[in-house]
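Numbering (our numbering), first residue to last: 55 to 510.
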């Protein structure tokens, strides 16, 4: 998909540089609607920045950079010229903070520019759907400038920006998962009813059982490995509360009155949300600075310690590429791609995500111009199918989430220039899981509370 978008964006330079909204298409692109192509390319910018951040934080990257003659400060000089590059900033958590700071500023800029764009007839819509080369230059320029920011208190302040932004993004992730689960259940149930093929029902039942089995297994493992008989009280409360909440939403989703008001609600959605809630619970517990309650996954399977004690037995150094971080990146990639191509029929989720239902979204065939080149269809002449400003704000929050995920939500220590676990990250993740469960419960009971409103 990334290669396809890269080829498409390069092939469309002539159209995009001239400011026309419809970008040129190549045959491999999945959609010919202008709104979808634009979201995919902006998402590609985000994924490109994510890839750069991943490369920068790879273990041993600084050592490899210092091997380049004359590149790093303090290294070997070339022809007596003093080295200027600070390799401490170019790699590690500092580089991730600066790269994600640049992406956040880039998407926040476009979020501000695109406020209240109603249709593609707005002159700003041409900026949204074209000029890709110049947008890329702007992103590169902001990124270069970010690496000249002095250390000082930048990392500490930006950490708290990352915590708040990631809190909101986790909620948006859950909304997207709710939307995906509702759409999935609706499509498969309709296919089963229209074709009289029971395999669709069997598939729904199978996935529901698998998700619940994984969630229950996770709860058991949490109690075994992340609690102690005389310690880890917070973990016991977190696990127990979220288990109770997941049982509640599962029961509510199949109540007769809920089924009458929401015919497509069911255990599939509840099972997927329960599994995601258990992931967030696990992710929160891995940020507990108390190492007695927070064993690393690698130490559990191989009895090898992957942390370095700080002297008091409570904190350790950053462990890159732990399991919860990798799972978080996978979920992030799925939600980002889904947010770029989604066309939901769920009214409540559309309102939460600031989008509109559009029958033409994702299904156009494109328009062939006089030059024989296929172009994207402008499907937003009357009304935009998604809120431009909110979409960029979503990518802005995604940039902060990537920063926190790649650094394991560890807090920079300005005195030691190291990273440490922190309880604020634990509470942010847990509170976001509770708020997300509340949002899912709202999608179930809203038609009962407001019977006069249309929730079909």
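All C-beta atoms in this analysis are idealised placements derived from N, C-alpha and C, irrespective of residue type, glycine included.
Every value quoted in this text rests on a predicted model; they were computed, and no experiment measured them.
For residue 461, the closest of 236, 147 and 90 by C-alpha to C-alpha distance is 147. Across the structure, residue 382 and residue 179 are spaced so that their CA atoms are roughly 33 angstroms apart.
In the DSSP secondary-structure assignment, residue 218 is not bridged to any residue. The three-state reading of DSSP puts residue 466 in strand, counting E and B together. 8 angstroms or more divides the Cβ of residue 318 from the Cβ of residue 252.
When secondary structure is reduced to three states using DSSP, residue 279 falls in the helix class. For the segment 169 to 246, not one full-length beta strand (DSSP E) segment reaches 3 residues or more. At the C-beta level, residue 196 and residue 443 stay beyond 8 angstroms of one another.
In its chain, beyond the 5 residues on either side, 154, 157 and 158 have a beta carbon closer than 6 angstroms to the beta carbon of residue 453. Beta-bridge partners assigned by DSSP to residue 87: 431. Counting along the chain, residue 334 sits inside the alpha helix (DSSP H) bounded by residues 321 to 339. The Cβ neighbour count for residue 285, taken over all protein chains shown within 10 Å, is under 16; the residue is labelled exposed. Residue nearest to residue 268 within the set 231, 244, 220 and 327 is 327 (criterion: CA-CA distance). The Cβ-Cβ distance between residue 334 and residue 499 does not fall below 8 angstroms. If you draw a straight line from the Cα of residue 392 to the Cα of residue 310, it is about 31 angstroms long. For the 8 angstroms CB-CB criterion, residue 339 and residue 292 form a contact. Checking the DSSP bridge columns, you'll see residue 285 partnered with 282. Per the C-alpha coordinates, the member of 205, 389 and 246 positioned closest to residue 94 is 389.
Between residue 228 and residue 151, the CB-CB gap reaches or exceeds 8 angstroms. Shown here, residue 345 sits in coil according to DSSP, grouped into three states, outside any helix or strand. Here residue 99 has 193 as same chain residues with Cβ atoms under 7 angstroms from its own Cβ, once five neighbours each way along the sequence are excluded. Check the Cα spacing between residue 111 and each of 458, 289 and 246: the tightest is with 458. In the structure shown, residue 318 adopts coil according to DSSP, grouped into three states. When the five nearest sequence neighbours on each side are left out, the beta carbons in the same chain lying within less than 8 angstroms of the beta carbon of residue 166 are those of 443, in order along the chain. For residue 341, same chain residues with a beta-carbon under 6 angstroms away, outside a window of 5 residues either side, are 463, 475, 479 and 480 in chain order. When DSSP states are grouped into helix, strand and coil, residue 308 belongs to the coil group.
Sorting 322, 294 and 289 by C-alpha distance to the C-alpha of residue 305 places 322 at the top. Take the alpha-carbon of residue 488 and the one of residue 232: they are about 14 angstroms apart.
Residue state for residue 501 is assigned as helix, using DSSP reduced to three classes.
Following the DSSP letters along the chain, one finds residue 163 inside the alpha helix (DSSP H) bounded by residues 146 to 167. The Cβ neighbour count for residue 202, taken over all protein chains shown within 10 Å, is under 16; the residue is labelled exposed. Taken through DSSP and simplified to helix, strand or coil, residue 461 comes out as coil. Contact between residue 440 and residue 220 does not hold, since their C-beta atoms are separated by about 22 angstroms, which reaches or exceeds 8 angstroms.
Closest option to residue 246, judged by alpha-carbon separation, among 182, 258 and 198: 258.
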